[in-house]
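The sequence shown finishes on residue 441 if you use my numbering, and the numbering steps up by one all the way, no holes. Structure, as structure tokens:
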Amino acid sequence: ALIIYAARVLGAEEYGKFAFALSFIYLFVIFFDFGLSPIITREFAREKEKREDFYSIISLKVLLALGTLVLILLASFLTVPEKDIQNMILILSLFLIANSFWGMFNSFFHARQKMEYEALFDTLQVLMIFGLGFFILFRYPSSENLSYAYFLSALLTLVFVAIFFHFKIFHLKINVNLSVWKKFLAMSWPLASIGLFGVIYGYIDSVMLGYWKMFAETGWYNAAQRVVMAGLIPMGFIGASFYPALSKFSQESKEKFQKAWDSEMEIMILLAFPLVTGGFALAPRIIESFYPLGFAPSVLAFQILIFTAGLIFLY
Numbered sequence: 127a128l129i130i131y132a133a134r135v136l137g138a139e140e141y142g143k144f145a146f147a148l149s150f151i152y153l154f155v156i157f158f159d160f161g162l163s164p165i166i167t168r169e170f171a172r173e174k175e176k177r178e179d180f181y182s183i184i185s186l187k188v189l190l191a192l193g194t195l196v197l198i199l200l201a202s203f204l205t206v207p208e209k210d211i212q213n214m215i216l217i218l219s220l221f222l223i224a225n226s227f228w229g230m231f232n233s234f235f236h237a238r239q240k241m242e243y244e245a246l247f248d249t250l251q252v253l254m255i256f257g258l259g260f261f262i263l264f265r266y267p268s269s270e271n272l273s274y275a276y277f278l279s280a281l282l283t284l285v286f287v288a289i290f291f292h293f294k295i296f297h298l299k300i301n302v303n304l305s306v307w308k309k310f311l312a313m314s315w316p317l318a319s320i321g322l323f324g325v326i327y328g329y330i331d332s333v334m335l336g337y338w339k340m341f342a343e344t345g346w347y348n349a350a351q352r353v354v355m356a357g358l359i360p361m362g363f364i365g366a367s368f369y370p371a372l373s374k375f376s377q378e379s380k381e382k383f384q385k386a387w388d389s390e391m392e393i394m395i396l397l398a399f400p401l402v403t404g405g406f407a408l409a410p411r412i413i414e415s416f417y418p419l420g421f422a423p424s425v426l427a428f429q430i431l432i433f434t435a436g437l438i439f440l441y
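Next up, the structure:
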């Protein structure tokens with residue numbers, strides 16, 4: 127809802143600049159995480175007490191965040207001449223750092239199958255982004271100001287979840303243990319490799335359009351893509367819910383694992399089919415309902431991308 131409102135208020139070109147900056151930093155997201163999130167979920171789901179390992183992972187994440195921030199700023203300085211977009215990239219990089227640490231806590235909650243904690247803080251962050259974003263777009267509309275809404279919301283969420291974790295789960299501290307770093311990085315690097323190609327696939331389109339200064343086209347394309355991504359939200363919920371159970375059953379029972387796997391695939395197919403067929407047929411009305419007439423070129427992009435959404439549900 128916020129992105130749709132931003133596109134309506136800012137127009138295709140200004141919104142395209144924001145979409146370009148956001149896509150640019152997401153090309154580097156894998157270096158913030160390096161495939162650690164699913165490994166944390168898997169390892170902590172199997173063994174209950176690994177506090178010292180978790181402390182070392184925090185220090186590793188700090189190192190990855192600082193290194194990636196330097197990499198992003200260097201890349202933006204060399205490839206993006208527009209000063210306002212460079213500022214947005216810096217602000218959104220800080221947003222991504224805060225979200226990366228928040229994601230680390232999420233992975234632990236997944237491992238303990240305490241998704242209600244994730245739901246609580248996800249809701250808090252969305253409400254803050256929603257409230258700050260709408261206020262800024264209403265009073266001080268600009269793509270750079272919208273970036274501040276994202277960063278402040280992520281930072282506040284991280285502070286709240288860290289305090290909650292410290293007092294509710296166990297006390298937080300930073301510990302440097304090179305053997306733990308080596309162990310977790312050895313497990314995570316294949317996922318990081320997969321993730322690298324995933325983010326390139328997911329975001330290089332908007333980055334290319336923005337690099338060639340086709341900001342209006344970037345706005346049209348992302349307007350369609352954002353609606354399609356909203357249709358993928360159920361997939362994320364289902365995948366996150368099944369993953370800890372699948373990890374556990376893979377060690378305990380082949381029959382339970384197969385039953386859980388079959389249930390997940392059945393749900394995905396039942397959701398994907400109406401999403402694709404209905405989305406393709408109703409694409410013009412969907413785009414007209416959400417965006418002003420200047421976004422009419424988004425219809426064809428939406429019709430193509432909705433088929434991609436169906437494939438994503440399955441794989």
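Where a beta carbon is used, it is the ideal one built from N, C-alpha and C, also for glycine. All figures in this text were calculated on a predicted structure; none of them were measured in a lab.
Whole-angstrom distance between residue j and residue i, CA atom to CA atom
i, j, result
"F375", "K382", "6 Å"
"I184", "A147", "27 Å"
"A356", "F150", "20 Å"
"F256", "W346", "22 Å"
"A422", "F221", "31 Å"
"A342", "V302", "47 Å"
"A171", "A366", "13 Å"
"E390", "A245", "20 Å"
"P207", "M214", "12 Å"
"G405", "M394", "16 Å"
"I165", "K299", "20 Å"
"N271", "A288", "26 Å"
"Y337", "S319", "24 Å"
"F290", "T167", "19 Å"
"P418", "L190", "41 Å"
"F160", "S182", "15 Å"
"G142", "D331", "12 Å"
"S279", "L162", "23 Å"
"V285", "H292", "11 Å"
"H297", "V425", "51 Å"
"V333", "S379", "45 Å"
"R265", "E242", "34 Å"
"Y131", "F231", "30 Å"
"Y441", "I413", "27 Å"
"G420", "M361", "31 Å"
"L204", "S269", "21 Å"
Secondary structure of residue i, DSSP reduced to three states
i, result
"Q377", "helix"
"V252", "helix"
"F154", "coil"
"F363", "helix"
"A127", "coil"
"Q351", "helix"
"G436", "helix"
"P418", "coil"
"L358", "coil"
"F247", "helix"
"Y369", "helix"
"P423", "coil"
"G404", "helix"
"G259", "helix"
"G161", "coil"
"Y274", "helix"
"P267", "coil"
"Y181", "helix"
"K176", "coil"
"Y141", "helix"
8 Å contact criterion, which residue i and residue j should meet: CB distance rounded
i, j, result
"T283", "F247", "6 Å"
"L136", "P267", "6 Å"
"F416", "V353", "6 Å"
"L199", "L186", "Rounded, the Cβ-Cβ distance is 21 Å, inconsistent with contact."
"L335", "Y276", "The Cβ separation is near 21 Å, so there is no contact."
"A386", "L372", "6 Å"
"N348", "A145", "4 Å"
"Q212", "S226", "Q212 to S226, Cβ: 21 Å. No contact."
Cβ-heavy atom distance, residue i to the ligand HEM, below 7 Å
i, result
"I151", "No copy of the ligand HEM occurs in the structure displayed, which carries no ligand at all."
#### Entry: Continuous alpha helix (DSSP H) assignments of at least 4 residues falling wholly in the region 276-343
304-337
### the region 156-171 in contact with the region 321-330 per 3-pair CB rule at 8 Å
yes
### Task
Flag this pair as touching only if the region 390-406 and the region 181-196 have three or more C-beta atom pairs under 8 Å; answer yes or no.
no
### Task
Pick out the complete alpha helix (DSSP H) segments inside the region 186-240, 4 residues or longer, and give them in chain order.
209-237
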